[in-house]
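Report on the structure given below.
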Amino acid sequence: MNLDYQETTLPNKVRVVTARMPQVQSVACGIWVGVGGRYESARQSGASHFIEHLLFKGTPTRSARAISQAIEGRGGYFNAFTQEESTCYYARISAKHAWRALDILTDMYLHPRFAPTDIDRERGVIIEEIMMYRDQPQQLVQDFLGELLWDRHPVGRPLIGTPENIARMTRDELIEFKARKYVGGNTCIAFAGKVEHEACVQRVQDALAELPGQRAPSRTAVTAKTGQRGLYVHPKEVEQTHLAMAFRLFGRQDPRRFTLKLLSVILGENMSSRLFQQVRERHGLAYSIHSGMHLFDDTGAFVITAGLEKARTTKAVELIVTELARLRDKPVSAQELKRAKDYAIGQMEIGLENTINQMMWIGENKLAYGSIIQPAEVMSCLQQVTASDIEQLAQDIFTSERVSVALVTPNPAAAQAAAIRDAFKRLPGGVLKA
């Protein structure tokens, strides 16, 4: 499967990428900027997400309501998200209204009002968002996990920031942050759907002519010296134990990422997976259990999350560790490996029928790798993975030295921590990090 894409770099370093889908009647358009949580200092933590909110609050020529009505009033949809290494503002709309959507997104991008009243109002909204997440144990445990994996490093901080940071962040600080980070060398405009590349290039060139062409900003690297902590148990009156564990590993440039994807499918990405079958179906210890991977430029994590029966949390963790050890000790069968490949490739094929997903693919690829990797190439790499590759990767990454574990639980913290440490003694590397 290949995407029908083209790319052009404008004089001010803005990249324009398009994926042509002539069979559809809509267009997805996204403005990608290569800045997120890891580009923030400790004082700035939460700034990228704060700015994302503020770009929807109006420009000198459009109110917030006018912006939403211009998209939604034509049957479209628009949104944004902030990640560790990128922020994206995007819309999906009928092809006949594509240029209207681009005009609005670029106006938001270039000319946000940053009105003091909007900033103060949104400050309160974000603080309430933080409090909402703190009331959700499945989100809270993820925040704790990040802080364990990358101790006192920007990658490990919650993207949303802290109430204290959001409360003290000034308008001038936000304006300065945006001016330094939202530049041509850091920006990619992606289109997917019923589009023509040259027309998109001309429209973007006209709309973003005033964007300065500075190079992309730098960020703090993750190295072997970046700290990692092993275990944190947070006592809280909840109805089940919420577990998040992760093994810190390589970044997205590593060719083993294809092996990692299939390992994740086998272990915990669907109802056929080993963790789902063992922990939920056979033992009934969880409703939700899942594995996944988060890869950044120079670091990454293989993550397992679960909501567990509080009375048998230790048993559930022991079962998870048993499955990790089994992947280390015994090659997966040819049948299981084929199922994993068919699932991963099938999910890609289904997802890429959608304009939003093709826009996400080309935009994220361009920012992350500097070029567009064709789905057919990814599929080919997945097909080449062997059972031996998976066994070797499991042996490399599933060690007690690499793992961090966070729990939000009603169980006594000291006893729960001791039990978790005992469970992980089965993996090489001895006890968990302090």
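All residue numbers for the sequence shown refer to the working numbering, where the first residue is 1373 and numbers rise by one.
Just so it is clear, CB atoms sit at the ideal spot from N, CA and C, and this is done for glycine as well.
Quick caveat, the model's predicted, so the values are computed rather than measured.
Query: Euclidean distance between Cα positions of Ser1636 and Val1750; Result: 16 Å
Query: C-beta contact flag for Ala1400 and Tyr1462 at 9 Å; Result: yes
Query: Residue(s) in a DSSP beta bridge with Ser1435; Result: Gly1430
Query: Burial state of Asn1374 (16 or more Cβ within 10 Å); Result: exposed
Query: Beta carbon of Gly1418 nearer than 9 Å to that of Glu1456; Result: no
Query: Neighbourhood of Gly1623 by C-beta distance below 7 Å, restricted to the same chain and skipping five residues each side; Result: Leu1667, Phe1668, Asp1669, Asp1670, Thr1671, Gly1672
Query: Through-space distance from Asp1761 to Arg1552, alpha-carbon basis; Result: 43 Å
Query: Runs of beta strand (DSSP E) lying entirely within the stretch 1601-1641, each at least 3 residues, in chain order; Result: 1603-1607, 1613-1621
Query: Residues that Gly1664 bridges to, as DSSP identifies them; Result: Val1675
Query: Coil, strand or helix - Tyr1461 by DSSP; Result: strand
Query: Residue span of the alpha helix (DSSP H) that contains Thr1727, given as start and end; Result: 1727-1741
Query: Per-residue DSSP class, three states only, for Ile1744; Result: coil
Query: Exposure of Glu1570, with buried meaning 16 or more beta-carbon neighbours within 10 Å; Result: exposed
Query: Closest residue to Val1777 among Ala1678, Tyr1377, Arg1711 (Cα-Cα distance); Result: Ala1678
Query: Extent of the continuous alpha helix (DSSP H) run through Gly1518; Result: 1509-1521
Query: Strand pairing of Gly1448, partner residues [DSSP]; Result: Beta-bridge pairing links Gly1448 to no other residue.
Query: Alpha carbon of Gln1600 to alpha carbon of Arg1495, nearest angstrom; Result: 31 Å
Query: Sequence-distant residues of its chain with Cβ nearer than 8 Å to Pro1394 (five each side left out); Result: Lys1566
Query: Residues near Ile1538 by beta carbon distance below 6 Å, same chain, minus five either side; Result: Gly1418, Arg1495, Ile1498, Ile1499
Query: CA-to-CA distance, Leu1634 to Gln1625, given in whole angstroms; Result: 17 Å
Query: The beta strand (DSSP E) enclosing Val1573, as first and last residue numbers; Result: No beta strand (DSSP E) contains Val1573, which is instead part of the alpha helix (DSSP H) from 1569-1579.
Query: Distance CB(Lys1687)-CB(Gln1612) smaller than 9 Å; Result: no
Query: Helix, strand or coil at Ile1722 [DSSP, three-state]; Result: helix
Query: Whole-angstrom distance between Met1504 and His1606, CA atom to CA atom; Result: 17 Å
Query: Beta-carbon proximity of Leu1426 to Phe1486, cut-off 9 Å; Result: yes
Query: DSSP beta-bridge partners of Tyr1377; Result: Ala1391
Query: Chain-order list of residues whose beta-carbon lies under 8 Å from that of Pro1765 (same chain, five-residue window excluded); Result: Reading off the sequence, residue 1765 comes out as Leu, not Pro. Result list for Leu1765: Arg1628, Thr1631, Leu1632, Leu1635, in chain order.
Query: Tyr1554 (DSSP reduced to helix, strand or coil); Result: coil
Query: Cβ-Cβ distance between Ile1738 and Arg1387 below 9 Å; Result: It should be noted that the sequence gives Lys, not Ile, for residue 1738. Yes, Cβ-Cβ distance for Lys1738 and Arg1387 is below 9 Å.
Query: Close Cβ partners of Tyr1377 (< 7 Å) along its chain, the five nearest in sequence each way excluded; Result: Val1389, Thr1390, Ala1391, Ile1734, Ile1744
Query: Reference Val1527; option with closest CA among Ala1786, Thr1454, Thr1771, Ile1439; Result: Thr1454
Query: Contact check, Met1732 vs Cys1560, beta carbons under 9 Å; Result: no
Query: Integer-rounded CB distance, given that His1525 should sit under 8 Å from Thr1598; Result: 5 Å
Query: Through-space distance from Gly1656 to Thr1781, alpha-carbon basis; Result: 18 Å
Query: CB contact below 9 Å: Arg1587 versus chain C; Result: Among the chains in the structure shown there is no chain C, since it carries only a single protein chain.
Query: Opening and closing residue of the alpha helix (DSSP H) in which Leu1699 lies; Result: 1685-1701
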